[in-house]
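> The opening position of the sequence shown corresponds to residue 1 in UniProt numbering, with each subsequent residue numbered one higher.
Don't be surprised by glycine CBs; every beta carbon is placed ideally from N, CA and C.
Okay, here's the structure, questions in a sec.
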Amino acid sequence: MPIEHRPLREQIKDELLLRLSRGEFTADEPLNESQLSTELGVSRTPLREALIALEREGIIRSERGKGFRFAPLSSKEFRDLTTIVSEMESLALRLSGADFLKSIAPHLLDEARAFSDPQAPLNVIERYDDAWHDLMLSGCPNERLLDLIASLKLTMHRYERVVVGDQEVLERSAEEHEQIAERLLNGDVDGAVTALKRNWTSGMDRILERFAPTEARPPGLEAG
1 MPIEHRPLRE QIKDELLLRL SRGEFTADEP LNESQLSTEL GVSRTPLREA LIALEREGII
61 RSERGKGFRF APLSSKEFRD LTTIVSEMES LALRLSGADF LKSIAPHLLD EARAFSDPQA
121 PLNVIERYDD AWHDLMLSGC PNERLLDLIA SLKLTMHRYE RVVVGDQEVL ERSAEEHEQI
181 AERLLNGDVD GAVTALKRNW TSGMDRILER FAPTEARPPG LEAG
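What follows is the structure in structure tokens.
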């Protein structure tokens, strides 16, 4: 785990979320705190602080005498996560300078057109989408907001990888990023936010289609 100038508990939390997104933990599997502290090279105190923080976010559960374990997957939670990230990215976009957004819009548009395949493996889509959205939000001055977005996306990737699988080909709407970039190029931030929310809605729907058919499928996000 690389050393960073951030609280150790935050670094541990990010590492646990990364391992979770890779499928290294399963739902309801008890977490061995002693083993984890040894693997991470940290004491039990910051590890427990990280676990408690994840519990507050609903990612981990704890029971008296049974310790911590990751919460099971549910389509409702995935929809809730998507709603939150969609709104947070919209806020980050609005907080970014209009001139900066116009300056990076051509690059965003070029990148969107370069990756125009209507289908691709999930792991390819995930890497591309993360990089594209990171570039789009790189002018946001609120670093704490960006940290929260990144943390929640790690949790969402857990869902995507467990429900779909890294190598499985998934449909994607190749023009959605182009629409966002075109609106930014025209200085239409409100239009870009609407297109961004639409992008999150369609992506969420494609994942929710893979949930067990016995589970009620929640409605999509409202584009605003």
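With a threshold of 8 Å, are at least 3 pairs of Cβ atoms found where one atom belongs to the segment 86–96 and the other to the segment 134–144?
Contact holds: three or more Cβ-Cβ distances are below 8 Å.
> Taking the beta carbon of residue 82 as the centre, do at least 16 other beta carbons fall within 10 Å, making it buried, or is it exposed?
With 16 or more Cβ atoms within 10 Å of its Cβ, residue 82 is classed as buried.
> Would you list, in sequence order, the uninterrupted alpha helix (DSSP H) runs of no fewer than 4 residues that lie entirely inside the UniProt domain "HTH gntR-type" (6–73)?
Counting whole runs of 4 or more residues, the UniProt domain "HTH gntR-type" (6–73) contains the alpha helix (DSSP H) stretches 8–21, 33–40 and 44–56.
> Could you say which of 16, 22 and 208 lies nearest to residue 33 if we only look at CA atoms?
The residue with the shortest Cα to Cα distance from residue 33 is 16.
> With a CB to CB cut of under 7 Å and the five nearest residues on each side skipped, what residues in its chain are close to residue 27?
The answer, listed in chain order, is 70, 71, 72 and 73.
> Any idea what DSSP makes of residue 108, helix, strand or coil?
If DSSP states are grouped into helix, strand and coil, residue 108 belongs with the helices.
> Identify which residue in 100, 85 and 8 has its Cα closest to the Cα of residue 135.
When each option's Cα is compared against that of residue 135, the closest is 100.
> Three or more C-beta pairs under 8 Å: does that hold for the segment 36–54 against the segment 171–179?
No: fewer than three Cβ pairs fall under 8 Å.
> DSSP beta-bridge partners for residue 120?
In DSSP, residue 120 forms a bridge with 170.
> On the DSSP letters alone, give me the boundaries of the alpha helix (DSSP H) that residue 144 sits inside.
Looking at the DSSP string, the run of the alpha helix (DSSP H) that includes residue 144 is 143–163.
> What separation, rounded to the nearest whole angstrom, lies between the Cα atoms of residue 66 and residue 184?
Looking at the two C-alpha atoms, the distance is approximately 50 Å.
> Do residue 39 and residue 196 have their C-beta atoms closer together than 8 Å?
Going by C-beta atoms, residue 39 is not nearer than 8 Å to residue 196.
> On the CB-based measure, 16 or more other CB atoms within 10 Å of its CB, does residue 13 come out buried or exposed?
With 16 or more other Cβ atoms within 10 Å, it is buried.
> Quick check on this structure: which residue in 194, 177 and 157 has the alpha carbon closest to the alpha carbon of residue 117?
Per the Cα distances, 177.
> Using alpha carbons as the reference points, say which of 29, 57 and 10 lies closest to residue 155.
The option with the nearest alpha carbon to residue 155 is 57.
> Tell me the rounded alpha-carbon separation between residue 86 and residue 186.
Distance between the alpha carbons of residue 86 and residue 186 is about 22 Å.
> Residues in the same chain with beta-carbon distance under 8 Å from residue 206, minus the five sequence neighbours each way, listed in chain order, please.
So the list reads 170, 171 and 172, once near-sequence residues are dropped.
> Cβ atoms of residue 130 and residue 153: under 8 Å apart, would you say?
Yes.
> By Cβ distance, which residues of its chain are closer than 8 Å to residue 44, with the 5 residues on each side in sequence left out?
Around residue 44: 33, 34 and 37.
> Measure from the alpha carbon of residue 199 to the alpha carbon of each residue in 121, 181, 210 and 188, then state which is nearest.
Looking at the Cα atoms, 181 is the closest of the given residues.
> Spatial neighbours of residue 224 within its chain, please: C-beta separation below 7 Å, excluding the five flanking residues on both sides.
Its pLDDT being 38, under 50, residue 224 is placed unreliably by the model, and nothing is read from it.
> Between the C-alpha atoms of residue 68 and residue 31, what's the straight-line distance to the nearest angstrom?
For residue 68 and residue 31, the distance between alpha carbons rounds to 6 Å.
> So is residue 112 buried or exposed if we call it buried at 16+ other beta carbons inside 10 Å?
It counts as buried.
> Identify which residue in 201, 179 and 158 has its Cα closest to the Cα of residue 23.
Residue 158 is the option with its Cα nearest to residue 23.
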